[in-house]
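This report refers to the structure that appears directly beneath it.
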Amino acid sequence: MEDSKMTKTSAINRIHELLDDNSFVEVGAYITARSTDYNMQSQETPADGVVTGYGTINGALVYVYSQDASVMGGSIGEMHAEKIEKLYSMAMKMGAPIVGLVDCAGFRLQESMDALDGFGKLYVCQAMASGVIPQIQAVFGNCGGGMAVASEMADFTFMEQDAKMFVNAPFVIAENDADNSSAEYQAKETGNVCATGSEKEIFTEIRNLVSILPANNEDDMSYSECEDDLNRICTDIENCAGDTSIALSMISDDSFYMEMKKDYAPEMVTAFIRLNGATVGCVANRSEVYTDGEKTATYDAALTAAGCEKAAAFVNFCNAFEIPVLTLVNVDGYKNCKCNEKKIAKAAARLTYAFANADVPKVTVVVGKANGTAGLTMNSKSIGSDIVYAWKNAKIGVMEAVPAVKIMYADEITKADNAAALINEKAAQYNEMQASALAAAKRGYVDDIIEASETRQRVAAAFEMLFTKREDRPSKKHGTI
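Residue 7 in our numbering sits at position 7 of the sequence shown, and the numbers go up by one each step.
Structural data, given as structure tokens:
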């Protein structure tokens with residue numbers, strides 16, 4: 001990581017590294033701190049510690065600010081905040097994304113209430129921009145105090161691998177013996193961060209993200225030419241029911257795949273792919289992880305509170321920006337543990353609401369199991385999925401056959417001479433009548449049973465059919481779940 005005593009030139013260099021060559025235009029370069037308290041007028045505050053302006057990423061307009069830690073630690077004062085607020089105003093007028101490159105110790109004590117007011121106005125700008133233009137932040141160095149709140153008001157937050165993010169610094173937290181401000185902690189334990197890496201890796205992630213996202217909530221031009229065969233057969237995709245990240249990359253145009261928050265709640269995949277040139281948001285259950293052909297992790301095929309919260313936020317973003325949603329389902333129920341039980345009901349409710357509330361095109365493919373209300377929550381036909389497909393071997397029902405049989409035929413099993421044989425017989429009948437893809441299709445809960453290898457073809461065709469989808473909803477200000 002660069003030395004924290006960076007110069008303004010370094011702050012600008014970060015912008016130049018992010019944007020297309022020679023595209024950056026600085027705005028407000030001559031602004032300095034206005035406060036005179038504590039002899040502030042005697043201190044040099046070039047650009048008041050933040051470089052602001054606009055440029056392009058792959059030819060697309062973006063607005064960007066980069067905080068300069070050499071100016072009072074990159075702390076936010078009145079004019080510092082005002083520069084960012086004006087940048088937000090410009091971005092909103094033009095309907096273009098805004099990117100913040102953060103290195104900030106918090107608010108500037110010397111400016112007291114004026115600095116606090118600046119934070120408040122920044123929060124309002126972010127709230128007004130939420131769901132209108134994409135907001136992206138990347139943390140380099142420190143992201144402390146109120147700036148950590150601002151980072152979490154962004155849609156996507158990245159962290160350089162040695163950066164720190166905290167509301168309360170670790171050393172002031174009573175009985176704290178862990179570095180809960182590190183990039184690794186924020187990515188794996190809190191879910192506050194989409195990805196971590198070197199500065200170069202972070203800039204690559206941001207450029208890729210800007211390239212696939214619409215510029216604003218009314219942008220209908222965010223397409224790229226698709227040269228990949230839409231009828232391409234996905235050989236061996238059936239073996240990827242466990243690691244659905246691989247399945248999604250196989251479905252995508254030219255295997256493009258960009259996962260968000262992959263280190264947090266990894267049993268739930270949230271990712272972007274390209275399909276027929278359009279960006280598609282994907283939510284998928286994951287029970288296995290393969291790296292270079294080797295299985296490196298396994299998880300229960302179950303919904304967790306963390307996974308539900310992660311997926312709900314992702315679906316809400318996709319819905320706000322008119323991004324279609326594809327769901328791959330392979331879930332057996334809810335994770336059964338004390339810690340999950342504390343939050344799973346509310347988290348599952350939020351995910352159910354996010355799917356049900358979304359009025360974008362929604363396609364679901366059951367690639368494994370879809371059992372009980374957990375399966376219902378994963379964008380089922382019952383809560384509003386437009387098209388539901390199932391692979392031939394999918395199992396869709398209330399619960400696994402054996403426990404279901406033990407409940408329904410408890411008396412017969414108790415009296416049976418060969419209980420195991422009876423259970424097997426009844427379980428086979430249950431699977432055929434109540435827990436198969438065919439049984440679900442007969443009742444209208446599955447629209448078609450498809451060959452796994454044809455998933456790309458069928459999903460692409462479904463989204464093409466749904467391209468002009470319009471859906472009337474009750475008039476209301478907003479939901480409350």
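Using N, Cα and C, we set each Cβ at its ideal position, and we do this for glycine too. Just so you know, these numbers come straight off a predicted model, no measurement behind them.
Cα-Cα separation between Ile233 and Asp386, rounded to whole angstroms: 23 angstroms
Nonlocal neighbours in the same chain, by C-beta distance under 6 angstroms from Val64, ignoring five residues either side: Ile15 and Val99
Residue interval of the beta strand (DSSP E) (run including Asn371): Element bounds for Asn371: Lys362 to Asn371.
Other residues of its chain near Asp254: CB distance less than 8 angstroms, five sequence neighbours each side excluded: Cβ neighbours of Asp254 beyond the five flanking positions: Glu227, Asp228 and Arg274.
Beta carbon of Ser152 nearer than 8 angstroms to that of Asn180: Here residue 152 turns out to be Glu, not Ser, going by the sequence shown. The answer is no: Cβ separation not under 8 angstroms.
Neighbourhood of Val388 by C-beta distance below 6 angstroms, restricted to the same chain and skipping five residues each side: Cβ neighbours of Val388 beyond the five flanking positions: Thr364, Lys381, Val446 and Asp447.
Burial state of Glu205, where buried means 16 or more other Cβ atoms lie within 10 Å: buried
Which residues DSSP lists as bridging Lys295, in chain order: In the DSSP secondary-structure assignment, Lys295 is bridged to Tyr290.
Opening and closing residue of the beta strand (DSSP E) in which Val64 lies: Ala60 to Gln67
Residue nearest to Met92 in terms of C-alpha spacing, selected from Lys338, Asn216, Phe463 and Ala241: Asn216
For Phe256, three-class secondary structure by DSSP: It is coil, neither helix nor strand.
For Ala427 and Ile396, believed in contact at Cβ under 8 angstroms, the rounded distance: Rounded, the Cβ-Cβ distance is 16 angstroms, inconsistent with contact.
Proximity to Tyr290 [Cα-Cα], best of Gln434, Ile246, Met258 and Gly281: The option with the nearest alpha carbon to Tyr290 is Ile246.
Spatial distance of Phe107 from Lys121 (CA atoms): 13 angstroms
Run of the alpha helix (DSSP H) containing Asn431, from where it starts to where it stops: Ala419 to Gln434
Secondary structure of Val172, DSSP reduced to three states: helix
Whole alpha helix (DSSP H) elements within the region 92 to 128, 4-residue minimum: none
Ile202 versus Asn22 - alpha carbon distance: 20 angstroms
Reduced DSSP secondary structure (H/G/I, E/B, other) of Tyr88: helix
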